[in-house]
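Participant: Sharing a structure with you now.
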Amino acid sequence: MMKNKVLKFILFFVVPIAIFILWLGGFLSHRVEPGTAKEEKKVVSGLSTLQITPEQVDEYYKTDGTLSAENNAKVATKWMGRVLKINVKEGDYVKRGQVLAVLDDSEIRQQEAEAFAGLEEVKKAREEALAGKKAALENYEFAKRTYERFKNLYQDNAVSKQQLEEIETKMIAAKSMVDQINAKISQIDAKEKQVNAKIGQIKVMKSYATITAPFDGYILKKMNDEGDMVAPGMPIFIIGDKTLQFVANLDESLVDKIKVGDEVEIKIDTLNKVVKGKVIQKNPNIDPMNRSFMIKVEIPYEEGLSSGMYGKMLLPIAKKEKILIPKSAVVKWGQLNAVYVVSKDGTMNLRYVKLGEDYGDKVEVLSGLTSGEVIVKDNVEKACDGCKIGG
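Numbering (this note's numbering), first residue to last: 142 to 532.
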């Protein structure tokens with residue numbers, strides 16, 4: 142029993158310890174010498190680099206404003222109807238009086254036809270009344286002469302009083318007929334005036350169906366399409382002349398730094414473009430409420446520009462050193478921005494940076510880079526953190 146315990150002790154305790162000691166001594170396997178194993182870094186080729194050097198750039202004063210046409214107008218209809226035809230599109234140049242759109246005037250044309258038919262009836266009735274008046278006048282003149290003749294005969298006792306009175310009655314009746322016809326003609330004349338007035342109104346209404354340009358200019362906005370229903374006062378187009386204006390208020394500290402004739406830049410955020418303009422008006426009087434003064438900038442028309450667009454005037458006021466990098470060097474990581482910084486041994490390290498102003502194909506770096514550092518310039522999608530840059 143005692144012998145078995147000794148064997149178990151040797152087997153489960155002494156032997157494992159001996160094996161462990163032999164392994165440590167290197168007798169059971171090759172032992173790795175102490176030290177750090179070298180890791181092979183991935184090499185990426187086809188990348189170009191850029192050494193960071195601060196650049197002198199303009200420092201801008203910025204102020205907001207809105208573009209407006211120097212002379213613009215809302216072209217609206219004066220009656221309710223359906224848009225039958227639109228002859229222009231936004232951006233088209235039009236001349237004064239040019240037909241821009243046509244509304245459905247079928248209903249007013251029907252009214253016009255009925256009015257002209259009524260006018261013909263009135264004219265016919267007038268002709269008949271005038272013909273009747275001519276006959277009535279002839280009858281009256283005959284009755285009047287007959288009465289005068291019988292009156293003389295009665296004075297000579299050639300006819301009786303009863304005969305004279307009968308002739309007088311016929312004369313009065315003939316005169317009454319003339320008066321009735323004259324009254325009827327007056328009614329016809331009044332009716333004709335009413336019909337002609339209605340025709341005049343219809344012609345005016347009919348003219349409302351043709352929408353024309355009030356002056357030479359550009360179609361800045363088309364607000365309806367063919368088939369749309371429009372109501373009186375509803376704008377169909379906004380038309381403006383070729384020149385746009387930008388009105389801005391500047392801080393009083395700049396009153397001596399800008400003058401009429403100066404060229405300034407206006408950034409149009411909607412179009413992501415910068416346009417040039419010229420200062421055409423400056424009010425040197427300072428507004429005591431906000432300590433600012435007003436300037437007006439004239440901007441030549443360019444395709445895409447439209448009255449009502451928001452803009453930001455950029456006025457260079459000083460020079461400043463800034464770190465600018467190509468936009469192609471920026472790595473987007475969600476809401477974050479980063480660049481690959483290349484160390485002296487060619488290793489690329491991803492570093493987050495804070496970006497600032499946009500400068501066309503470059504962007505300002507506010508923090509994260511210093512002068513003299515080297516970054517990957519483009520093809521950043523090939524780069525990787527910790528990789529080496531190849532030739």
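Heads up, the beta-carbon is just placed ideally off N, CA and C, and yes, glycines get one too.
Just reading off the beta strand (DSSP E) that Met-454 is part of, what are its end residues?
Facilitator: Within the sequence shown, residue 454 is the residue found at index 313, counting from 1. For Met-454, the enclosing beta strand (DSSP E) stretches over residues 451-463.
Participant: For the segment 409-421 and the segment 474-481, state whether three or more C-beta atom pairs, one from each stretch, are separated by less than 8 Å.
Facilitator: no
Participant: Looking only at its own chain, which residues have a Cβ that is under 8 Å from the Cβ of Pro-175, when we skip the five neighbours before and after it?
Facilitator: Counting from one through the sequence shown, the residue named residue 175 turns up at place 34. A caution first: Pro-175 carries a pLDDT of 48, below 50, which makes its placement in the model unreliable, though a value can still be read off. Excluding positions up to five away in sequence, the list is empty.
Participant: So who's on the other strand from Thr-511, going by DSSP bridges?
Facilitator: For the purposes of this step, residue 511 is taken as the residue at position 370 of the sequence shown. Thr-511 pairs with nothing; no bridge assigned.
Participant: Return the chain-ordered list of same chain residues with a C-beta closer than 8 Å to the C-beta of Val-388, the five sequence neighbours on each side being excluded.
Facilitator: The residue you call residue 388 lines up with position 247 of the sequence shown. Gly-206, Thr-207, Ser-209, Met-435, Ile-436, Lys-437, Val-438.
Participant: Could you check whether Lys-363 and Glu-231 sit closer than 8 Å to each other, using their CB atoms as the reference points?
Facilitator: Working through the sequence shown from its first residue, we reach residue 231 at position 90. Working through the sequence shown from its first residue, we reach residue 363 at position 222. Contact flag set, yes.
Participant: Under 8 Å between the Cβ atoms of Gly-513 and Arg-492?
Facilitator: Numbered from its first residue, the sequence shown carries residue 513 at position 372. Numbered from its first residue, the sequence shown carries residue 492 at position 351. No.
Participant: Tell me whether Ile-193 sits in a helix, a strand or coil according to DSSP, three-state version.
Facilitator: Indexing the sequence shown from 1 puts residue 193 at position 52. Three-state DSSP puts Ile-193 in coil, outside helix and strand.
Participant: Below 7 Å CB to CB, which residues in the same chain sit around Ala-524 once its five sequence neighbours on both sides are set aside?
Facilitator: For the purposes of this step, residue 524 is taken as residue 383 along the sequence shown, with counting starting at 1. Once the five neighbours on either side are set aside, the close Cβ partners of Ala-524 are Val-185, Leu-188, Tyr-481, Met-489, Val-517.
Participant: Let me confirm a value: Ile-409 is counted as buried when at least 16 other C-beta atoms fall within 10 Å, else exposed. Which label applies?
Facilitator: Taking the first residue of the sequence shown as position 1, residue 409 is located at position 268. Buried, by the Cβ-count rule.
Participant: Hey, out of Ile-343, Tyr-201, Asn-213, Ser-317, whose CA is closest to Gln-250's CA?
Facilitator: Locating residue 250 in the sequence shown gives position 109, where the first residue counts as 1. Here residue 250 turns out to be Arg, not Gln, going by the sequence shown. If we check each option's Cα against that of Arg-250, Ile-343 comes out closest.
Participant: On the three-state DSSP scale, how would you describe Thr-218?
Facilitator: As a working mapping, residue 218 is identified with position 77 in the sequence shown. It is coil, neither helix nor strand.
Participant: Does the contact criterion of 3 or more C-beta pairs under 8 Å hold for the segment 219-230 versus the segment 461-475?
Facilitator: no
Participant: Return yes when the Cβ of Thr-411 is within less than 8 Å of the Cβ of Val-243, no when it is not.
Facilitator: Within the sequence shown, residue 243 is the residue found at index 102, counting from 1. Within the sequence shown, residue 411 is the residue found at index 270, counting from 1. Against a cut-off of 8 Å, the Cβ pair of Thr-411 and Val-243 comes out as no contact.
Participant: Among residues of its own chain, excluding the 5 on either side of Gly-445, which ones have a beta-carbon nearer than 6 Å to its beta-carbon?
Facilitator: Here residue 445 is taken as the residue at index 304 of the sequence shown, counted from 1. Taken in chain order, the residues that qualify are Leu-412.
Participant: Between Pro-373, Ala-299, Glu-309, Val-401, which has its C-alpha nearest Glu-289's C-alpha?
Facilitator: On the sequence shown, residue 289 is found 148 positions in, with the first residue counted as 1. Closest option to Glu-289, Cα to Cα, is Glu-309.
Participant: Using CA coordinates, which residue listed in Gly-527, Ala-354, Pro-441 is at the minimum distance from Ile-421?
Facilitator: Stepping through the sequence shown from its first residue, residue 421 is reached at position 280. Checking every option, the nearest Cα to that of Ile-421 belongs to Pro-441.
Participant: In chain order, what are the residue ranges of uninterrupted beta strand (DSSP E) at least 3 long that sit wholly in the segment 367-397?
Facilitator: Counting only runs of 3 or more, we get 376-381, 384-392.
Participant: Measure how close the beta-carbons of Asp-319 and Ala-277 come, nearest whole angstrom, since I'm counting them as under 8 Å.
Facilitator: Residue 319 sits at position 178 when you count from the first residue of the sequence shown. Residue 277 sits at position 136 when you count from the first residue of the sequence shown. First, the amino acid is wrong: residue 319 is Val here, not Asp. Between Ala-277 and Val-319 the Cβ distance is about 5 Å, and since that is below 8 Å, they are a contact.
Participant: Going by Cα to Cα distance, which pick from Asn-298, Arg-286, Lys-311, Ile-379 is closest to Pro-355?
Facilitator: Counted from its first residue, the sequence shown places residue 355 at position 214. Answer by Cα proximity: Ile-379.
Participant: My assumption, with CB atoms under 8 Å, is that Lys-453 sits in contact with Lys-215. Please give the rounded CB distance.
Facilitator: Residue mapping note: residue 453 aligns to position 312 of the sequence shown, counting from 1. Residue mapping note: residue 215 aligns to position 74 of the sequence shown, counting from 1. Not really, about 26 Å apart at Cβ, beyond 8 Å.
Participant: Sort Glu-393, Lys-400, Lys-463, Lys-461 by Cα distance to Asn-431 and report the nearest one.
Facilitator: Looking up residue 431 in the sequence shown gives position 290. It is Glu-393.
Participant: Ignore the nearest five residues each way along the sequence and tell me which others in Gly-374's own chain have a CB closer than 6 Å to its CB.
Facilitator: Working through the sequence shown from its first residue, we reach residue 374 at position 233. Excluding residues within five positions, the ones whose Cβ falls inside 6 Å are Ala-217.
Participant: Taking all protein chains shown into account, do 16 or more other C-beta atoms lie within 10 angstroms of the C-beta of Phe-291, making it buried, or fewer, making it exposed?
Facilitator: Along the sequence shown, read from residue 1 onward, the residue named residue 291 stands at position 150. So Phe-291 counts as buried.
Participant: Return yes when the Cβ of Tyr-359 is within less than 8 Å of the Cβ of Lys-98, no when it is not.
Facilitator: In the structure displayed, the chain extends from 142 to 532; residue 98 sits before or after that span and is not available.
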